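Q:
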Amino acid sequence: MQPLTLHQTCDHGPITAVTAQIKPTASGCKAEFRLTGDVDKIILPAAGPSVRTDNLWKTTCFEVFWQPTDGSWYREFNLSPSGRWAAYDFDTFREGMRDAPVDAISLSTVHGSANGQGELVLKADISTELPAPAQVALNAIVEHADGGLQFWALAFGPGEAEFHAEACRQIRVERG
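When we follow the working numbering, the leftmost residue of the sequence shown carries the number 184, and every step to the right adds one.
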């Protein structure tokens, strides 16, 4: 698991650490995200069917950005603790957005806490064509019970939190 960094403009909140990892598979990839802290003080979207859903990033959500090293296009996955997901392809930075082809996405979430400390773990099994080698970003958006947001990433570029920026794509993925 790799540690994610809280963006400098975000207030410290109930979540004190986020870690994540990604592993390529023959059919796509597997990702895991772990939030640590007072998970009882964050907003978790209500459980629902595992269906493609837009605007998941407006509340607690996890993201994977996958960009082949030989191209300018990239794919974004939004993975919600609710079980819902989204996948988009972009031609270049925030341009040419469209639904990405996905064979299947399976999500599982577990969480628990006691005495103001706990964990939330989301695991994703993503089945879709993902070219490699690739540069990958792992991100988290955490909504506090008071409506505040935390933005977590492997790295950020200068300025506001921008998950689409190449600066966030700090993992190089190869296929074996």
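Backbone N, C-alpha and C fix where the C-beta goes; we use that ideal spot for every residue, glycine too. Here the structure is a predicted model, which is why all the values come from computation and not from measurement.
Could you tell me whether the Cβ atoms of V304 and F216 are closer together than 9 Å?
A: Taking the sequence shown and counting its residues from 1, one reaches residue 304 at position 121. Taking the sequence shown and counting its residues from 1, one reaches residue 216 at position 33. Yes; because the gap between Cβ atoms is below 9 Å, this pair is in contact.
Q: Report the residue from A348, E259, Q204 and R281 whose alpha carbon sits nearest the alpha carbon of L218.
A: Counted from its first residue, the sequence shown places residue 218 at position 35. Of the listed residues, the one whose Cα sits closest to L218 is Q204.
Q: With DSSP run on the structure shown, which of helix, strand or coil describes L337?
A: Counted from its first residue, the sequence shown places residue 337 at position 154. Reduced to three states, the DSSP call for L337 is coil.
Q: Measure the C-alpha to C-alpha separation of R352 and L337 and round it to an integer number of angstroms.
A: Position 169 of the sequence shown, counting from 1, holds the residue named residue 352. Position 154 of the sequence shown, counting from 1, holds the residue named residue 337. Each residue's alpha carbon lies about 7 Å from the other.
Q: Specify the secondary structure class of E349 as computed by DSSP and reduced to three states.
A: Here residue 349 is taken as the residue at index 166 of the sequence shown, counted from 1. In this structure, E349 counts as helix in the three-state DSSP scheme.
Q: Assuming the contact rule is C-beta atoms closer than 8 Å, I225 and P197 should be a hit. Round their C-beta distance to whole Å, please.
A: The residue given as residue 225 occupies position 42 in the sequence shown. The residue given as residue 197 occupies position 14 in the sequence shown. Sure, about 6 Å apart at Cβ, within 8 Å.
Q: By Cβ distance, which residues of its chain are closer than 8 Å to G231, with the 5 residues on each side in sequence left out?
A: Within the sequence shown, numbered from 1, the residue matching residue 231 stands at position 48. For G231, where only same-chain residues beyond five positions count, the Cβ hits under 8 Å are S265, G266 and R267.
Q: Should the region 248-266 be regarded as contacting the region 327-341, the criterion being three or more beta carbon pairs within less than 8 Å?
A: Output reads no: the region 327-341 does not touch the region 248-266.
Q: Within 8 Å: the Cβ of D194 and any heavy atom of the ligand NAP?
A: You won't find the ligand NAP in this model; it holds no ligand whatsoever.
Q: List in chain order: all unbroken beta strand (DSSP E) runs of 3+ residues lying wholly within the region 202-233.
A: Taken in chain order, the unbroken stretches of beta strand (DSSP E) that lie wholly in the region 202-233 and span 3 residues or more are 211-220.
Q: Could you round the C-beta distance between A344 and T199 to whole angstroms and report it? I think they count as a contact, below 8 Å.
A: Against the sequence shown, residue 344 aligns to sequence position 161. Against the sequence shown, residue 199 aligns to sequence position 16. Not confirmed; about 18 Å, so no contact.
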